[in-house]
Amino acid sequence: MSQTFDKMTSIVLFIIGILFIAQATQISDSAYGSAVGPKTFPLALGIVLVLLSLRLFYETWRQAVKARLAKGPETPSKTSSIEIKKFLLLFVSALAYVFFLEIVGYVITTFIFLLIGFQTMERGKIISSVIISVAFSVGIYYLFSVILGGSLPSFPTF
Amino acid sequence: MSTLQFLADGFAVAFQWQNLLFAFVGVIIGTAVGVLPGIGPMSGVALLIPVTATLTSGLPTEAAAASSIILLAGVYYGAMYGGSTTSILLNTPGESSSVVTTLDGYQMAKQGRAGSALSIAAIGSFCAGIVSLLGLVLLAKPLSSIALKFGPAEYFSLMLLGLAAVSGLAGRSITKALIMTVLGLMLGTVGIDAVSGIERFTFGQPMLFSGIEFLTIAVGLFALGEVFKTILEKDDDDGQIAKINRILPTKQDLKDSAIPIARGSFLGFFIGVLPGAGATLASFFSYITEKKFSKTPEKFGQGHIAGVAGPESANNAASGGAMIPLLTLGIPGSGTTAILMGALIMYNIQPGPLLFDEHPEVAWGLIASMFIGNLMLLILNMPLVRVFAKVIETPKKYLLPIIIAISFFGVYAVQYTTFDLYLLLACGVLGYLFAKNDYPVAPLVLALVLGPMIENNMRRALTISNGDFSIFVTKPLSLVFLIVAVSWLLVPIFMKMRGKNVLINEEA
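Those protein sequence lines, which keep their order, are chains E and C.
full-length UniProt numbering puts the first residue of the first sequence at 1, with every later residue one more than the last.
full-length UniProt numbering puts the first residue of the second sequence at 1, with every later residue one more than the last.
Put into structure tokens, the structure is as follows:
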């Protein structure tokens with residue numbers, strides 16, 4: 001699990017490093033022609049990242065060989081499918097929250113997000129969930145927008 | 001003006017009613033953050049930056065910076081107090097810096113001495129806090145006047161040293177830590193180049209012109225990352241909370257813990273000053289030292305008061321000590337101080353040697369408020385320890401979605417774009433994956449904060465030397481910093497190699 005992640009990361013980082021170098025060379029030189037322009041530092045970083053990703057790949061590969069020799073079974077993942085489902089639900093509702101924030105306004109989206117969040121974490125206790133969600137969304141909005149004079153998208157614009 | 005005069009002015013700032021309130025709120029939230037196992041000081045501080053930014057938005061910049069840094073620092077050292085509570089009562093450390101406290105603290109709680117363990121921890125933390133503050137007061141002026149003589153080459157090397165130290169001590173694999181550092185530096189280059197005004201890596205996207213906001217990255221990687229981790233990795237540690245019978249320690253306990261507290265304070269302070277070594281290492285070292293010096297080392301692990309007093313003092317002293325490089329040199333030595341530095345930069349206040357001259361209100365106000373905050377924590381922790389113990393029982397069901405909502409609100413209130421919220425979510429997932437696979441996140445944040453400064457100092461130094469890179473090794477101080485930086489990275493590798501050899505020898 002972790003080794004596949006490391007291998008993937010090293011490949012992704014290698015590509016990022018190459019792209020970074022390629023992009024860095026595109027940066028135009030500074031006008032006054034000083035020896036070290038805006039591209040030097042990013043260029044160096046890109047090279048270092050490529051080297052490090054190679055090193056990570058090598059380390060992972062060596063570890064994999066060692067693990068195969070030791071015949072150690074892969075440690076089973078602790079995460080069960082229920083938790084993954086919970087996380088995905090929460091994550092998707094967070095995405096929806098962001099998407100609707102500027103359209104529907106802060107109070108309503110926050111209320112709905114919190115309610116879904118509480119119920120996703122653990123079913124039941126609807127009344128206290130509703131009370132806490134209302135208190136939080138209205139409370140923050142009131143404190144921030146009304147008392148402190150900040151700006152939040154308030155209510156639906158339509 | 002003398003140091004005492006400055007300190008008096010600092011107290012004048014700290015005693016303004018709003019700053020007293022900020023310090024109070026900071027230490028309360030800090031204690032809660034310390035008690036709650038899900039949230040560490042880093043995510044606590046990161047989450048509160050946007051909140052403080054909005055709270056102080058009506059004040060003039062300097063006063064706002066002073067107030068919010070007072071609150072944020074309060075969260076930082078408050079968490080050190082709070083971390084001990086769960087270690088002692090529940091056997092689950094609230095912070096990594098309180099891990100060793102569980103060894104003896106929980107045993108004491110089992111024997112019905114939870115109250116005296118908690119109060120000794122609070123007293124020790126207080127003494128350590130005061131010791132490290134006195135150190136800060138004494139060292140602030142001399143250190144910053146030395147640092148004033150640094151040129152760009154010295155600064156460049158010193159910052160590299162800071163990065164190397166944090167990477168060298170973070171996590172199991174140095175390669176991974178270095179990768180995170182480089183990624184942080186890369187993220188720091190996005191945006192319009194401060195020197196030439198040329199845009200870099202923006203791909204023509206206007207929201208990238210001002211660079212990637214450090215706040216979004218920090219909140220995402222730490223706070224959201226930890227939330228996701230708690231959701232995905234369910235741990236059923238519904239242990240019994242030990243009862244607290246009496247709160248005041250016995251005379252014997254006080255006598256037994258006086259010397260460990262003193263030792264822990266000094267040890268922790270010096271470890272805290274070193275970049276990279278933070279509160280966690282300090283508490284481990286202190287525990288080992290106490291065991292070594294003790295006449296009854298066999299009693300450790302069975303509820304020895306010294307095993308609580310030493311480490312708890314050390315981790316608090318270390319958090320005070322870590323403020324020294326941040327305030328005097330402008331170089332954070334740990335993840336949390338990097339976040340504090342980011343907060344100061346948000347207010348356009350550059351930590352470093354000039355801080356004490358240009359913004360004495362901020363620097364000395366902070367120091368004075370830390371005295372007050374430590375006193376508040378001592379007073380709060382003794383009678384209110386039962387209340388804080390109740391905080392542990394906050395159901396995760398409500399806590400986690402609310403943390404997500406707070407981080408969204410915070411980032412949006414400061415940035416006003418949903419782009420940053422998407423970035424925040426992405427960082428949360430990445431933060432979880434990174435932490436799960438042993439990629440330390442703190443170096444990335446540190447590098448993101450230091451990156452632009454490293455680059456600017458490098459270019460200034462190279463402009464002075466006409467593009468000759470040897471300037472970094474011909475200046476003696478700069479050379480020393482670089483050598484220390486390299487050895488910081490290499491020594492652990494050598495030690496690991498030697499450790500392996502030793503192991504092989506034992507087997508053979």
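Ideal Cβ positions, reconstructed from N, Cα and C, are used throughout, including at glycine.
Any chain E beta carbon closer than 9 Å to residue i
i             : result
N91/C         : no
N348/C        : no
P443/C        : no
F472/C        : no
residue 509/C : With chain C represented from 1 up to 508, any question about residue 509/C goes unanswered, as that position is not in the structure.
Q18/C         : no
D193/C        : yes
F481/C        : no
G204/C        : no
Y164/C        : A small correction: the amino acid at residue 164/C is Ala; Tyr does not occupy that position in the sequence shown. By this cut-off, A164/C is not an interface position.
M108/C        : no
K496/C        : no
M458/C        : yes
T61/C         : no
CB contact check: residue i to chain C, cutoff 9 Å
i      : result
S81/E  : no
T25/E  : no
R55/E  : yes
A94/E  : yes
I15/E  : no
V48/E  : yes
I132/E : yes
K7/E   : no
Y142/E : no
G37/E  : yes
K66/E  : no
G105/E : no
I127/E : no
L69/E  : no
I84/E  : yes
V146/E : no
V138/E : no
Residue i, DSSP secondary structure in three states
i      : result
G352/C : coil
R386/C : helix
G124/E : coil
P42/E  : helix
K292/C : helix
T250/C : coil
K496/C : helix
D9/C   : helix
Y416/C : coil
N381/C : helix
S487/C : helix
Q302/C : coil
F15/C  : coil
Y347/C : coil
S145/E : helix
A309/C : helix
V99/C  : coil
D39/C  : In the sequence as displayed, the identity of residue 39/C is Ile instead of Asp. Looking at I39/C - three-state DSSP - the assignment turns out to be coil, as it is neither helix nor strand.
Beta-carbon gap between residue i and residue j smaller than 9 Å
i      : j      : result
I339/C : A65/C  : no
T31/C  : T86/C  : no
Y439/C : A177/C : yes
I123/C : I28/C  : no
L423/C : Y77/C  : no
Y106/E : P153/E : yes
A306/C : I259/C : yes
G301/C : Q107/C : yes
Y156/C : A447/C : The residue you asked about is not Tyr; residue 156/C is Phe in the sequence shown. Cβ distance not < 9 Å, so F156/C and A447/C don't count as in contact.
Inter-residue CB distance, residue i and residue j (contact presumed, cutoff 8 Å)
i      : j      : result
K7/E   : T60/E  : 5 Å
S369/C : N19/C  : 6 Å
L354/C : L327/C : Contact doesn't hold; Cβ gap of about 11 Å is too wide.
G26/C  : L224/C : At roughly 22 Å, the Cβ-Cβ gap does not stay under 8 Å, so G26/C and L224/C are not in contact.
L115/E : S129/E : 6 Å
V445/C : G184/C : 7 Å
G46/E  : S196/C : Not a contact, Cβ separation roughly 19 Å.
A94/E  : I404/C : 6 Å
Could you pull out every unbroken alpha helix (DSSP H) segment of at least 4 residues lying fully inside the region 172 to 213 of chain C, listed in chain order? As far as the region 172 to 213 of chain C is concerned, its whole alpha helix (DSSP H) runs of at least 4 residues are 174 to 189.
Jot down the residue ranges of each uninterrupted alpha helix (DSSP H) in the region 104 to 181 of chain C, minimum 4 residues, whole runs only, in chain order. 114 to 147, 152 to 169
Kindly provide the ranges of any alpha helix (DSSP H) runs that are 4 or more residues long and lie completely inside the region 42 to 93 of chain C, ordered along the chain. 61 to 90
Can you list, in chain order, the stretches of the beta strand (DSSP E) that have 3 or more residues and sit fully within the region 420 to 451 of chain C? none
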